[in-house]
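The structure appears right after this line, and notes come after that.
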Amino acid sequence: KNEVEQSPQNLTAQEGEFITINCSYSVGISALHWLQQHPGGGIVSLFMLSSGKKKHGRLIATINIQEKHSSLHITASHPRDSAVYICAVSRGANSKLTFGKGITLSVRP
Amino acid sequence: DARVTQTPRHKVTEMGQEVTMRCQPILGHNTVFWYRQTMMQGLELLAYFRNRAPLDDSGMPKDRFSAEMPDATLATLKIQPSEPRDSAVYFCASHEGSGGYTFGSGTRLTVV
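Chains H and D, in that order, give the protein sequences. Going by our numbering, the residue at position 28 of the first sequence is 28; the numbering climbs one at a time, nothing skipped. Going by our numbering, the residue at position 36 of the second sequence is 1036; the numbering climbs one at a time, nothing skipped.
Okay, here's the thing in structure tokens:
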């Protein structure tokens, strides 16, 4: 069993929809990270969370430490949100990341 | 914005050739990582350094891969000899303190 699980592998939505992407992990962590990767592109760090909730523009990330679960929400989705969203965890300051397999999101106009 | 710079962006090489990938981390970031991304395995850690000292290189095939950080502004990942199964995108990332991780744009390696 992977330490970081994301599902489903692929997700399709219509422009304007509210989207939720989930991540579960099975180990103790110091922080959870949400990353975004556009096709053929680099990796961008969206959020780093150790508790509660963070918001940036149309993106909201939440984490429940007790349940070892995090969600990434996208409000008013747009085709430019189409990308792979990767959940990763770190276990200690300045430590390596352990990644989920990522979810491929397609937002149709 | 500060960024992690990787060179080259793309590399096509023949099997058996040496490949060197370079990374310039963000100034002041004391931890530097090398990750490899493939369709089958996703993102995997190859090696990482803290204050230029290697901390973990257990993800690297030791017989052909080597990672070094000759100074604070340069990290290198070398493959010798390269094999077709090494074809992947190699990402460098740097990190400092309680901040997030910053990734480079990656080197897309194709070994034919």
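Beta carbons are placed, not taken as given, at the ideal position from N, Cα and C, and that holds for glycine.
Environment of Thr1031/D [buried if 16+ CB atoms lie within 10 Å]: buried
Where Lys53/H meets chain D, residues with beta-carbon distance less than 9 Å: By Cβ distance, chain D contributes nothing, its closest Cβ being about 16 Å from Lys53/H, past 9 Å.
Pairwise C-alpha distance: Arg1108/D and Arg1009/D: 6 Å
Chain D within 8 Å of Ser82/H, Cβ atoms only: no
Where Asp1057/D sits in the DSSP three-state scheme: coil
3-residue-minimum beta strand (DSSP E) runs that sit fully inside the region 1013–1084 of chain D, ordered along the chain: 1019–1024, 1031–1038, 1042–1050, 1053–1056, 1065–1071, 1074–1079
Met1039/D burial status per 10 Å Cβ neighbour count (16 or more: buried): exposed
Pairwise C-alpha distance: Gly42/H and Gln36/H: Roughly 8 Å separates the two Cα atoms.
C-alpha gap between Val1112/D and Thr1102/D, whole angstroms: 30 Å
Span of the beta strand (DSSP E), counted from its first residue to its last, around Phe18/H: Note, Phe18/H: premise wrong, no beta strand (DSSP E); not H, not E.
Straight-line Cα distance separating Leu1074/D from Tyr1090/D: Spanning the two alpha carbons is a distance of roughly 15 Å.
Contact check, Ile29/H vs Ser71/H, beta carbons under 8 Å: no
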